[in-house]
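Student:
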Amino acid sequence: MSKLSLLDLGFFIAETAASPKHVGGLLIFQRPPKAGAGFAKNLYQAYVAATDVKPPFNRVIQFPLGALPHWQAIDKLDMSQHVYFHTLPKAGNDRKALYDFVSRLHTPMLDRSRPLWEVHVIDGLPEGKFALYQKMHHAYADGVTMARWTAEGCSTAPTDMQLTPVWTLKHGAYAGRRNKTNSDLLHMTWKEVTGNTRRFLGIGRLAAMLFLESVKLTKNAIALPFVSSAKTPLTGQVTSGRQFASAGVSMERVNAIRTRTRSTLNHIALTCLDGALRKYLNDQGVELKRPITIQMPVNLRKEGEKTAGNKIGIIQVELSPPTDDPYVRLRNIGYSLRNVRTMVDSVAPEAIESYTIITGLVAQIAEMLQLSNKMPPMGNTLVSNVPGPKEHLYIQGARMDEMHPISTLPPSNLLNITLFSYAGDLYFGLIATDELPNLERLATYIAEAFTELETSVRDAHA
Numbered sequence: 062m063s064k065l066s067l068l069d070l071g072f073f074i075a076e077t078a079a080s081p082k083h084v085g086g087l088l089i090f091q092r093p094p095k096a097g098a099g100f101a102k103n104l105y106q107a108y109v110a111a112t113d114v115k116p117p118f119n120r121v122i123q124f125p126l127g128a129l130p131h132w133q134a135i136d137k138l139d140m141s142q143h144v145y146f147h148t149l150p151k152a153g154n155d156r157k158a159l160y161d162f163v164s165r166l167h168t169p170m171l172d173r174s175r176p177l178w179e180v181h182v183i184d185g186l187p188e189g190k191f192a193l194y195q196k197m198h199h200a201y202a203d204g205v206t207m208a209r210w211t212a213e214g215c216s217t218a219p220t221d222m223q224l225t226p227v228w229t230l231k232h233g234a235y236a237g238r239r240n241k242t243n244s245d246l247l248h249m250t251w252k253e254v255t256g257n258t259r260r261f262l263g264i265g266r267l268a269a270m271l272f273l274e275s276v277k278l279t280k281n282a283i284a285l286p287f288v289s290s291a292k293t294p295l296t297g298q299v300t301s302g303r304q305f306a307s308a309g310v311s312m313e314r315v316n317a318i319r320t321r322t323r324s325t326l327n328h329i330a331l332t333c334l335d336g337a338l339r340k341y342l343n344d345q346g347v348e349l350k351r352p353i354t355i356q357m358p359v360n361l362r363k364e365g366e367k368t369a370g371n372k373i374g375i376i377q378v379e380l381s382p383p384t385d386d387p388y389v390r391l392r393n394i395g396y397s398l399r400n401v402r403t404m405v406d407s408v409a410p411e412a413i414e415s416y417t418i419i420t421g422l423v424a425q426i427a428e429m430l431q432l433s434n435k436m437p438p439m440g441n442t443l444v445s446n447v448p449g450p451k452e453h454l455y456i457q458g459a460r461m462d463e464m465h466p467i468s469t470l471p472p473s474n475l476l477n478i479t480l481f482s483y484a485g486d487l488y489f490g491l492i493a494t495d496e497l498p499n500l501e502r503l504a505t506y507i508a509e510a511f512t513e514l515e516t517s518v519r520d521a522h523a
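This is the structure we're talking about:
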């Protein structure tokens, strides 16, 4: 038996059929040069035969009466309930058809009566390609952990034929855990709620920062939640049905701008998103007079820490005031993010975690009461950045060409954007309700905004 952290438990409390709380990834592979057409089907069969399942992939969530929720390990899994095989028809196997199919797989909740993960092998893509779509409950892991586990289930050499499905590997964060009594769990949960001196001091410091921001004595220390009054298509009551789109640029182009402007990857990516979102909103008849506010997850782990579950905080960040100059937008966002980074580093991680829980609870109550269309949202959208492997990964000689993140939707947000770097490319994974119009157009605008930023930076440094 293993306890849940408050953040992990929050994902279950917040989960509904309209707003499931799992995260996923779409991995696109090229068959090995001499492999036959049955390579993907053989891989699926090998996956089904890999029945030595390790934590957390053998754990079921339990909500017992009179006791705290906890994970319970089971002895044997029915692999047919976790690993699936699909073949796209030749008449519908292009990029859009793949994204539409994955969107349908991503829509339903995972069945809580069994371990909360699935892997789908998708064959029939053009040019000898196939895909894996993997789906895992957010209470198992955050994006950083999931990316690390995905890499551990692959090899770094095309000649390595050993198959190591991620669910058969031992993950260090789960090693050596003793069973805990209800008394232990109650004590530890109370400790997480009340915290220690660092938590209380950090909350006080954070509250003071928010107060100073609210009375306009500081700027961009941290953006205030629930202050966006503009009604946009990006926010409202989350409904069932999902759609997925993606944009990508090479890290070579990103690094060229970083070198010229002394910016970070986050500065550049958010500059492109800011421009693309404004153009997209203009298409919908919405012209914002103030900066777009994003919710941004921050990793609260120490350097080298590999804990299980989730250890993240979510803060609000203002992007750039309206401007037609991408270079000015980049400078504005760089200033904002540097101030936010200073603020995060000056506050105890426990305080950021508590702030995340409190603001998330308010937003979740509003969604449960069907008030998200009436209350201001925490922000216009959520944007996260998950670093991925820098080199290509392989499964039995099949090279992974692309690695796309597919996240979940927070309360009141109809769009979530995840940045993911892999093997020399930066991907923008867009997941939204199927009510959000023209998601593919937003993906196109992101690519266009990057080109516009390149031109603006080149002209500024000419």
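Sequential numbering from 62 applies to the sequence shown in the working numbering. For each residue, glycine too, the CB sits at the ideal point set by N, CA and C.
Measuring alpha carbon to alpha carbon, tell me which of Phe-511, Asp-462, Gln-425 ends up nearest Gly-71.
Tutor: Here residue 71 refers to the residue found at position 10 of the sequence shown. For the residues Phe-511, Asp-462, Gln-425, the minimum Cα distance to Gly-71 belongs to Gln-425.
Student: According to the Cβ coordinates, are Ile-375 and Gln-345 closer than 7 angstroms?
Tutor: Along the sequence shown, one-based indexing puts residue 375 at 314. Along the sequence shown, one-based indexing puts residue 345 at 284. No. Outside cutoff.
Student: Between which two residues does the beta strand (DSSP E) holding Trp-178 run?
Tutor: To locate residue 178, count along the sequence shown from 1; it is residue 117. Residues 178-186.
Student: Contact between the region 297-310 and the region 493-508: three or more CB pairs below 8 angstroms?
Tutor: The region 297-310 is in contact with the region 493-508.
Student: Keeping to the same chain, check which residues put their C-beta closer than 6 angstroms to that of Glu-76; ignore five residues upstream and five downstream.
Tutor: Translated into the one-based positions of the sequence shown, residue 76 becomes position 15. Correct list, in chain order: Lys-82.
Student: How would you label Ala-152, buried or exposed, when you count the other beta carbons within 10 angstroms and need 16 or more for buried?
Tutor: For the purposes of this step, residue 152 is identified with residue 91 of the sequence shown, where counting begins at 1. Burial call: exposed.
Student: Taking the alpha-carbon of Gln-91 as reference, which of Pro-437, Gln-457, Asp-139, Ile-394 has the nearest alpha-carbon?
Tutor: As a working mapping, residue 91 is identified with position 30 in the sequence shown. Among Pro-437, Gln-457, Asp-139, Ile-394, the Cα nearest to that of Gln-91 belongs to Gln-457.
Student: Whose C-alpha, out of Asp-161, Met-429, His-167, is nearest the C-alpha of Pro-472?
Tutor: Taking the sequence shown and counting its residues from 1, the one referred to as residue 472 is at position 411. The shortest C-alpha separation from Pro-472 is found at Met-429.
Student: Can you say whether His-522 is buried or exposed, counting buried as having 16 or more other CB atoms within 10 angstroms of its CB?
Tutor: Position 461 of the sequence shown, counted from the start, is the residue given in the question as residue 522. Exposed is the call here.
Student: So what does DSSP say about Pro-448, is it helix, strand or coil?
Tutor: On the sequence shown, residue 448 is found 387 positions in, with the first residue counted as 1. Pro-448 falls in the strand class under three-state DSSP.
Student: Would you identify the three-state DSSP class for Gly-458, choosing helix, strand or coil?
Tutor: Translated into positions along the sequence shown, residue 458 becomes position 397. In the structure shown, Gly-458 sits in coil (DSSP, three-state: anything other than H, G, I, E or B).
Student: If we ignore side chains and look at the alpha-carbon of each, how far apart do Arg-156 and Thr-229 end up?
Tutor: As a position in the sequence shown, residue 156 is number 95, starting the count at 1. As a position in the sequence shown, residue 229 is number 168, starting the count at 1. For Arg-156 and Thr-229, the distance between alpha carbons rounds to 31 angstroms.
Student: Look at Gly-297 and Asn-434 and say whether their C-beta atoms are less than 7 angstroms apart.
Tutor: Looking up residue 297 in the sequence shown gives position 236. Looking up residue 434 in the sequence shown gives position 373. Yes, the Cβ-Cβ distance between Gly-297 and Asn-434 is below 7 angstroms.
Student: Is Phe-162 helix, strand or coil when you go by DSSP?
Tutor: Here residue 162 is taken as the residue at index 101 of the sequence shown, counted from 1. Here Phe-162 sits in helix by DSSP.
Student: Short of 7 angstroms in beta carbon distance, which residues of its chain neighbour Ser-517, apart from the five on each side in sequence? Order them along the chain.
Tutor: By one-based count along the sequence shown, residue 517 stands at place 456. Excluding sequence neighbours, Ser-517 sits near Asp-386, Pro-387, Tyr-388.
Student: When you measure from the CB of Ile-492 to every non-hydrogen atom of the ligand COA, does any distance come out below 6 angstroms?
Tutor: The model on display carries no ligand, and the ligand COA is accordingly not part of it.
Student: Decide if Arg-239 is buried, meaning its Cβ has at least 16 other Cβ atoms within 10 Å, or exposed.
Tutor: Position 178 of the sequence shown, counted from the start, is the residue given in the question as residue 239. With a pLDDT of only 45 at Arg-239, under 50, the local geometry of the prediction cannot be trusted, and the value read off the model is given with reservation. Classification for Arg-239: exposed.
Student: Along the chain, where does the beta strand (DSSP E) containing Ala-306 start, and where does it finish?
Tutor: Here the question's residue 306 lines up with position 245 in the sequence shown. 303-311 is the span of the beta strand (DSSP E), which, as asked, contains Ala-306.
Student: With distances taken from CA atoms, which of Leu-65, Ile-89, Ala-111 is nearest Tyr-488?
Tutor: On the sequence shown, position 427 is the one that residue 488 refers to. Answer by Cα proximity: Ile-89.
Student: For Gln-133, I'd like the list of residues in its chain whose CB is within less than 7 angstroms of its CB, leaving aside the five on either flank, ordered along the chain.
Tutor: On the sequence shown, position 72 is the one that residue 133 refers to. Taken in chain order, the residues that qualify are Met-62, Arg-120, Val-121, Gln-123.
Student: Run the CB neighbour count on Pro-125, radius 10 Å, all protein chains shown included, and call it buried at 16 or more, exposed below.
Tutor: Residue numbering aside, residue 125 sits at position 64 when the sequence shown is read from its first letter. Classification for Pro-125: exposed.
Student: Quick one: what does DSSP say Glu-76 is sitting in, helix, strand or coil?
Tutor: On the sequence shown, residue 76 is found 15 positions in, with the first residue counted as 1. Looking at Glu-76 - three-state DSSP - the assignment turns out to be coil, as it is neither helix nor strand.
Student: Please give me, in chain order, every unbroken run of the beta strand (DSSP E) with length at least 3 that falls completely inside the region 124-149.
Tutor: With a minimum length of 3 residues, the continuous beta strand (DSSP E) runs that stay inside the region 124-149 are 131-134, 144-148.
Student: CA-CA distance, Thr-384 and Ala-504?
Tutor: Stepping through the sequence shown from its first residue, residue 384 is reached at position 323. Stepping through the sequence shown from its first residue, residue 504 is reached at position 443. Approximately 20 angstroms between the Cα atoms of the pair.
Student: Any chance the region 451-471 sits against the region 205-215, with 3 or more Cβ pairs inside 8 angstroms?
Tutor: Yes: at least three Cβ pairs fall under 8 angstroms.
Student: Quick check on this structure: which residue in Pro-130, Thr-112, Ala-158, Arg-165 has the alpha carbon closest to the alpha carbon of Gln-142?
Tutor: As a working note, residue 142 is residue 81 in the sequence shown. Comparing Cα-Cα distances from Gln-142 to each of Pro-130, Thr-112, Ala-158, Arg-165, the minimum goes to Thr-112.
Student: What would DSSP say about Arg-173, mapped onto helix, strand or coil?
Tutor: Residue numbering aside, residue 173 sits at position 112 when the sequence shown is read from its first letter. DSSP places Arg-173 in coil when its eight states are reduced to three.
Student: Below 7 angstroms between beta carbons: does that hold for Thr-16 and Asn-441?
Tutor: Residue coverage of the chain in this structure runs from 62 to 523, which leaves residue 16 outside it and unanswerable.
Student: Indicate the three-state DSSP secondary structure (helix, strand or coil) for Asn-119 in the structure shown.
Tutor: Within the sequence shown, numbered from 1, the residue matching residue 119 stands at position 58. Here Asn-119 sits in coil by DSSP.
Student: Just reading off the beta strand (DSSP E) that Leu-193 is part of, what are its end residues?
Tutor: Position 132 of the sequence shown holds residue 193. Where Leu-193 is concerned, the enclosing beta strand (DSSP E) stretches over 190-198.
Student: Give the straight-line distance between the Cα atoms of Thr-332 and Lys-350, rounded to the nearest whole angstrom.
Tutor: Against the sequence shown, residue 332 aligns to sequence position 271. Against the sequence shown, residue 350 aligns to sequence position 289. If I take the Cα positions, the gap works out to 17 angstroms.
Student: Taking the alpha helix (DSSP H) that Asn-499 falls in, what are its first and last residues?
Tutor: As a working mapping, residue 499 is identified with position 438 in the sequence shown. No alpha helix (DSSP H) contains Asn-499, which DSSP labels as neither H nor E.
Student: Specify the secondary structure class of Val-347 as computed by DSSP and reduced to three states.
Tutor: Residue numbering aside, residue 347 sits at position 286 when the sequence shown is read from its first letter. In this structure, Val-347 counts as coil in the three-state DSSP scheme.
Student: Exposed or buried, what is Pro-352 when buried is set at 16 or more other beta-carbons lying within 10 Å of its beta-carbon?
Tutor: Taking the sequence shown and counting its residues from 1, one reaches residue 352 at position 291. Classification of Pro-352: buried, given that the 10 Å Cβ count is 16 or more.
Student: Hey, how far is the Cα of Pro-130 from the Cα of Asp-520?
Tutor: As a position in the sequence shown, residue 130 is number 69, starting the count at 1. As a position in the sequence shown, residue 520 is number 459, starting the count at 1. In a straight line, the C-alpha of Pro-130 is about 58 angstroms away from that of Asp-520.
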